[in-house]
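Step one of this worksheet: look at the structure below.
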Amino acid sequence: MNEKASPRPIAEIASYHAHIYYAGQTERQHAEWLRLRIGERFRVRLGNWRDEKVGPHEQAMYQVSFANEIFGALVPWLMLNHGGLSILIHPNTQNPKRDHLVDPVWIGRPLGVHGEVLPDEHEAEEALEPNTEPTLPA
Ligand code: ZN
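In my numbering, the protein residues as written are 113 to 250.
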């Protein structure tokens, strides 16, 4: 990186996604277990089950959309509870391609991501309206 370049400000990040991947019956069962417990503990938007590959994703998965202030609790909780599943955590900025390919963090084993299908310029996605009602502490 150019020494004189300014660092990218954190304000570029409008929200985050976690993509929780699974393959086969055992992993899907853990993905179900995880989904239920995320919903009990965090204000997030749980996306639909995607049993078929979709967009840049190489395996079946579901998406969790969450606001920046949730990151500090949800991501460490997923580190402890992923149960071997691969989870892609990426920021949502104005560059979806870079968000997925260059700047994400992985929990568990990293998988391929077909970033070539993503635009490198797009309006940054705000966190989607939460559809969970958490009642338990993380
Ligand atoms: Zn995403």
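Cβ coordinates follow ideal geometry from the N, Cα and C atoms, glycine included.
Starting from H142, trace the beta strand (DSSP E) in both directions and tell me its first and last residue.
Within the sequence shown, numbered from 1, the residue matching residue 142 stands at position 30. Counting along the chain, H142 falls outside any beta strand (DSSP E), though it belongs to the alpha helix (DSSP H) covering 136-153.
If A250 sits next to A185, beta carbons under 8 Å apart, how far is it from one beta carbon to the other, in whole angstroms?
On the sequence shown, residue 250 is found 138 positions in, with the first residue counted as 1. On the sequence shown, residue 185 is found 73 positions in, with the first residue counted as 1. Sure, about 5 Å apart at Cβ, within 8 Å.
With hydrogens ignored, establish whether the beta-carbon of H142 is closer than 8 Å to any heavy atom of the ligand ZN.
Against the sequence shown, residue 142 aligns to sequence position 30. Checking the Cβ of H142 against the ligand ZN gives no.
Measure the alpha-carbon distance for L197 versus A143 and round it to whole angstroms.
Residue numbering aside, residue 197 sits at position 85 when the sequence shown is read from its first letter. Residue numbering aside, residue 143 sits at position 31 when the sequence shown is read from its first letter. In a straight line, the C-alpha of L197 is about 8 Å away from that of A143.
Exposed or buried, L148, counting other C-beta atoms within 10 Å across all chains shown (16 or more means buried)?
Taking the sequence shown and counting its residues from 1, one reaches residue 148 at position 36. With fewer than 16 Cβ atoms within 10 Å of its Cβ, L148 is classed as exposed.
Runs of 4 residues minimum, wholly inside the segment 177-218: which ones carry the alpha helix (DSSP H) assignment?
Counting only runs of 4 or more, we get 183-193, 208-213.
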